[in-house]
Amino acid sequence: MNNIDDISGILDGMASELAELLNQAGRDNPAMVGIHTGGVWIAEQLHRKLGLGDPLGSLDISFYRDDFTRIGMNPVVRPSQLPFSIDDRHIILVDDVLHTGRTIRAAMNELFDYGRPASILLAVLVERDGRELPIQANVVGVHTRLSAAQHIKLLGPEPLALEIKQGS
Amino acid sequence: MSTASLQLDAHGRMKHFLCIEGLNRQLLTEILDTAESFTGVTEQTVKKVPLLRGKTIVNLFFEASTRTRTTFELAAKRLSADVLNINITQSSTVKGETLLDTLRNLEAMHVDMFVVRHNDSGAAHFIASHVAPHVSVINAGDGRHSHPTQALLDVFTIRRTKGPDFGRLRVAIVGDILHSRVARSQIHALNLLNTGDIRIVAPRTLVPAHAESLGVHVYHDLEAGIEGADVIIMLRLQRERMQGALLPSEHEYYELFGVTEEKLAVARPDVTIMHPGPINRGVEMDSEVADGSRSVILEQVTHGIAVRMAVMSMAMHHHKKSKA
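Same order as they appear, the protein sequences are chains U and S.
Counted the way the working numbering counts, the first sequence spans residues 60 to 227.
Counted the way the working numbering counts, the second sequence spans residues 4 to 327.
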């Protein structure tokens, strides 16, 4: 097991990268949405660092997963909360780990059931190999390469720490 | 096999949903939590989630019911399932087809779930014990036995209104307890959640024998029964039973057991007023009470959809797990 330190520093880097990206693209007044659970922790920090106007939104994508028929329902599903209208807004979607891309696919499906955003940017703390869908993040905190047997997990919310585990 | 044991699998997960008896507090709470997470779906522009996409659910109603059938249908549709409503009173049984033949035919159409309402106690249990292993059965009311999703939506409504600590609550159930499958299920659910004081309030003729053995206090006087109540649940007085010897008249029932603003003075000031519907205005309660600020009768209807979504998705989930 080894851990990636200085998450706070990584988040600072992500926030300034996001600010620059939004500025370049001329995307004013963006709104942020974190994906439960780790994505919300990361989003809370980025939201504060960017000083966004609207409160942070959160998505629980359990009802949109494509593997429901295989693994069943997550026993603890928190209600999704989007305290602003999605329509015509620039959305920053935040998750902790980008792996297969299926979570992001589900999150985008759910977002579109709330309205039609003007655009979506994806920011993730960690990007690892193993993509199964054509999904890439716009802002990445850390790039890692892991074997299929390895899992990376964000522990939190206080303090935030990344843990790499050798799976079976 | 008892109804209680038929509805859970060997791991204690919900396979069918037939009655409140046999559930433990953890599973009951899990259903309520899941229902809570479905309440947000109506805030979406697209008011549905793709959870049960491609599943077929049949509402098998042997007894007329508009509200329950409609909320089950909406719940299934908000989960993206395909729904078929079959009203058996006008269908096969009229032509002499047996219940089992009807079931076999529907199963042959690859149905995944039956939602059953029947005027015989135990009907949902009978169907659950005869369906193919991959099919789930949800009880939408059977005879005088059980109406578990109604009880769930009632405790869900209480939890949302009063908070999760049922231990400090006094809940009074007023009306025809004897004939009510709703009351029976409510009492079981309230007991499972360790409700501090459960009272039933009714004329002597409308209370089942040995009611105290259900873990309730019995009152035959309305004002004594609702004194200090946090929640009052009124039950529908079924007019078809008024002709018999059980009650002299609707008017007399209203005089003695009808809830009015005036009589409510003995309850807690923040008392919550509930009724499973449909209301007989001027019989079980005054319009002033039914439409007043303390009434959550319409919230109950809204919550009924979220609770039914929870039960349907959890029962369907079980089959997926066991197949994998």
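C-beta atoms are modelled at their ideal positions from N, C-alpha and C, and glycine is treated no differently.
query, result
"For S:Leu156, does the three-state DSSP call read helix, strand or coil?", "helix"
"Taking only runs that begin and end inside the segment 50-110 of chain S, name each unbroken beta strand (DSSP E) of 3 or more residues, in chain order.", "59-64, 85-90"
"Interface residues of chain U around S:Gln47 at Cβ under 7 Å?", "Asp172, Tyr173"
"Would you grab the beta carbon distance between S:Ile300 and S:Gly280 for me? Rounded to a whole angstrom, and I think it's under 8 Å.", "7 Å"
"At a CB-CB cut-off below 7 Å, which residues of chain S make contact with U:Val136?", "Thr37, Ser40"
"Under 7 Å, CB to CB, which of the residues in the segment 42-75 of chain S have a partner in chain U?", "Thr42, Gly43, Gln47, Thr48, Val49, Val52, Pro53, Leu54"
"Pull up the CB-CB distance for U:Gly246 and U:Asp155, whole angstroms please, since I reckon it's below 8 Å.", "For chain U, the structure presents residues 60 to 227; residue 246 of chain U sits outside this window and is missing."
"Of all the CB atoms in chain S, is at least one closer than 8 Å to the CB of U:Phe143?", "no"
"Would you say U:Gln209 reaches chain S, if we count a Cβ-Cβ gap shorter than 8 Å as a contact?", "no"
"Considering Cα atoms alone, identify which of S:Ala268, S:Asp36, S:Glu226 is closest to S:Ile176.", "S:Glu226"
"Candidates S:Glu291, S:His19, S:His278: which alpha carbon is nearest S:Ser132's?", "S:His19"
"Closer than 9 Å, Cβ to any Cβ of chain S: which residues of the segment 103-121 of chain U, in chain order?", "Asp119, Ser121"
"Is the shortest distance between the beta-carbon of U:Gln140 and the beta-carbons of chain S less than 8 Å?", "yes"
"Using DSSP with H/G/I as helix, E/B as strand and the rest coil, what is S:Leu225?", "helix"
"By DSSP, does S:His148 sit in helix, in strand, or in coil?", "coil"
"Give the secondary structure of S:Ser40 by DSSP, where H, G and I count as helix, E and B as strand, and everything else as coil.", "helix"
"Between the segment 162-172 of chain U and the segment 132-152 of chain U, do at least 3 Cβ pairs fall closer than 8 Å?", "yes"
"How close, in whole Å, do the beta carbons of S:Leu156 and S:Ile130 come, if the pair is a contact with beta carbons under 8 Å?", "With a Cβ gap of about 22 Å, S:Leu156 and S:Ile130 do not count as contacting."
"On the three-state DSSP scale, how would you describe U:Asp65?", "coil"
"Could you say which of S:Val138, S:Ser68, S:Leu87 lies nearest to S:Gln153 if we only look at CA atoms?", "S:Ser68"
"Using 10 angstroms around the beta-carbon of S:Ala278, count the other beta-carbons present and answer buried if the total reaches 16, otherwise exposed.", "Checking the sequence shown, residue 278 of chain S turns out to be His, not Ala. Counting Cβ neighbours within 10 Å, S:His278 comes out buried, since at least 16 surround it."
"Using the beta-carbon count (16 or more within 10 Å), is S:Thr160 buried or exposed?", "buried"
"State the DSSP-derived secondary structure class of S:Leu209, mapped to helix, strand or coil.", "helix"
"Can you name the start and end residues of the alpha helix (DSSP H) that S:Val204 belongs to?", "Element bounds for S:Val204: not the alpha helix (DSSP H) but the beta strand (DSSP E), 200-204."
"Between which two residues does the alpha helix (DSSP H) containing S:Val274 stretch?", "That residue, S:Val274, is in no alpha helix (DSSP H); it is neither H nor E in DSSP."
"Near U:Gln225, what residues of its chain come up, given a Cβ to Cβ distance below 7 Å and the 5 sequence neighbours on each side ignored?", "Ala208, Gln209"
"Please report the distance separating the alpha-carbon of U:Thr162 from that of U:Arg124.", "7 Å"
"So, with DSSP's three-state summary, where would you put S:Phe20?", "strand"
"Any contact between the segment 303-319 of chain S and the segment 205-222 of chain S? By contact I mean 3 or more CB pairs, one from each, below 8 Å.", "no"
"Locate the alpha helix (DSSP H) running through U:Thr228, then write down its first and last residues.", "Nothing about residue 228 of chain U can be read from this structure; chain U reaches only from 60 to 227."
"Count the other CB atoms, across all protein chains shown, that sit within 10 Å of the CB of S:Glu39; report buried if there are 16 or more and exposed otherwise.", "buried"
"For the segment 189-198 of chain U against the segment 5-16 of chain S, do three or more pairs of beta-carbon atoms, one drawn from each stretch, fall closer than 8 Å, so that the two count as touching?", "no"
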